[in-house]
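For the record, the sequence lines run as chains Z and P.
Going by my numbering, the residue at position 224 of the first sequence is 224; the numbering climbs one at a time, nothing skipped.
Going by my numbering, the residue at position 20 of the second sequence is 294; the numbering climbs one at a time, nothing skipped.
Glycine included, C-beta positions come from ideal geometry on N, C-alpha and C.
All values reported here derive from a predicted model rather than from experimental measurement.
Here is the structure we will look at, set down as structure tokens.
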Amino acid sequence: MLYVEPSLALSLTELAIEKRKSFAPLARRIKHWLKRGRLKIVIFGPGGTGKTTLGHFLAGNLDIGNTSAGYAESMDVESFKLKGDLVCSLIVPPGQELREYHWTGLYRDLAAGKSSGVINVVSWGYHSFQALSYQDTKYFKPPMTKAEFFESYLQNRRDREQEIINNLTPRLMDAKGKIWMITLVTKQDLWWDDRTQVDKHYLEGPYNDCIQQIIRKRGEQNFAHEYLSVSLIINNLVTSAGEVLASTVSGYGQPIQLANSTKFVETVNSFASR
Amino acid sequence: MSQSQVNFDYTTRSKIQGLLSDYTNTLKEASDSIEQFQTRSFVLISLVGLILSIGAGFISYGWVRFQSTGNAFGWIAGIFGFLVATLFTRLYYSSRRKSRLIARQSEIIGLKLERIMQLASQIAEHGELTAAEKLEIELRLVEAEGALRFARFTGHSEERNTSDLGSGAGKSV
């Protein structure tokens, strides 16, 4: 299961707040650095899934409960420093199809064993886009309604997510050294009501076939993988023209958000500390 | 139609591609000018240092000579050196000021270029484009990225605001 159920969420909330407030002493960071050196985590995923926001979140620049300043595409490969004990860089390349040339160098790093972890960010097709009205996109074919457009858009974006994991699979299979990966499904607040479907989509569909292929090739010793989901910012999916494509699910609140993000942070820390 | 909504027909797309190209070239020119001014400043400040040290030598030598022989050449040469050094210092400051002005300009051009790049990239990702149009945008984006990187390398492009979430606000690598 890729999410924390509401029944568990409340008990984890208090713990999460405490953890977010704590700062790791320098000595612990130095100890980790001496033991493991500088770690590198690469965040892959299509454009508009929240890779940059995730970078900010892991770097401690984004608090839960923050509201979005709106989506703007990243123009370059970005790097963030992970908050906590580990001396770790997070590398975030732009996810747009046209700008995948940025990924070549990161694939090379994977092959050379320079990256210890990969986070593949997906969002069940709920990708943000910028500057265009939905009617200006290639997914809109008149006389489609907004709902029909959105269905077609979601399908296209899910295909794009699959395309990325298809491309990533051979790279991860051939990567040098031990590697870990997290498939992070973001924008939980938009699809929370359909969570069983989301779970099924990733865990039982062609996406998981790719993951299993990597596990078979590398063996569980050399490849650890986990499915998780979060909502880093609770916000409707809105176009620049102000058209609401998807609304936050009523009943989705901070306890669920905190519990899931805590689980995610803990998993990153435990994977990176191995 | 809301204010931010634009119809991306062929003419608009061509216009955006044109702007992308224009702003890239302007940013490149600005970065080149900054580099030239930086080099000029470096040369000027080195010359000032050299002239000042030689001038000081001439003055002290000239002073001794003047006392014993009444020959004022060394002294005059030293004072002339100081005057030249003053002139070069003034040129250095003017060069530095111009460089800062262009740098401020290049910050603005860089930010504008980034907005145009975002627009072009989004149109390429989600708009109805032909393969040739996509390729053209891709090539122009690569060129624009190079210009932006060079502008940042020259150290005058604005640091990204890390509190501006979701706008490519991490540190560029």
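- Bounds of the alpha helix (DSSP H) holding P:Trp-337 are 284–343.
- Residues of the region 298–320 of chain P with a Cβ closer than 7 Å to any Cβ of chain Z: none.
- Looking at the DSSP output, Z:Asn-156 shares a beta bridge with no other residue.
- At a beta-carbon threshold of 8 Å, the residues of chain Z lying near P:Gln-392 are Ala-72, Glu-73, Met-75, Gln-130, Ala-131, ordered along the chain.
- Contact holds between the region 160–169 of chain Z and the region 116–131 of chain Z, because three or more Cβ pairs, one in each stretch, are under 8 Å apart.
- With a threshold of 9 Å between beta carbons, P:Val-358 makes no contact with chain Z.
- Residue-level contact check: P:Ile-383 does not touch chain Z, since none of the beta carbons of chain Z fall below 9 Å from its beta carbon.
- The alpha-carbon of Z:Phe-271 is positioned some 14 Å away from that of Z:Leu-58.
- Setting aside the 5 residues that flank it on each side, P:Ile-411 is surrounded in the same chain by Ala-394, Ala-398, each with a C-beta closer than 6 Å to its C-beta; the list follows chain order.
- Z:Thr-137 reaches chain P at His-400, Gly-401, counting residues in chain order whose Cβ is nearer than 7 Å.
- Residues of the region 142–164 of chain Z whose Cβ lies closer than 7 Å to any Cβ of chain P: none.
- The shortest C-alpha to C-alpha distance from Z:Gly-60 to any of Z:Cys-88, Z:Phe-44, Z:Val-42 is the one to Z:Cys-88.
- P:Ala-418 and Z:Lys-83 have their C-alpha atoms roughly 32 Å apart.
- Chain P has no Cβ within less than 9 Å of the Cβ of Z:Arg-108.
- Rounded to whole angstroms, P:Leu-318 and P:Arg-423 show a C-alpha spacing of 27 Å.
- Z:Pro-170 and Z:Phe-150 have their C-alpha atoms some 31 Å from each other.
- Not one beta carbon of chain P lies nearer than 9 Å to the beta carbon of Z:Leu-82.
- Contact of Z:Leu-39 with chain P by beta-carbon distance below 8 Å is absent, the smallest such distance being about 15 Å.
- One thing to note: P:Leu-294 has its Cβ no nearer than 9 Å to the Cβ of P:Gly-384.
- By the beta-carbon neighbour count (other beta carbons within 10 angstroms, threshold 16), Z:Lys-187 is buried.
- Put simply, the backbone Cα of P:Leu-324 is about 13 Å away from that of P:Leu-357.
- Listed in chain order, the beta strand (DSSP E) runs fully inside the region 140–226 of chain Z are 179–185, counting runs of at least 3 residues.
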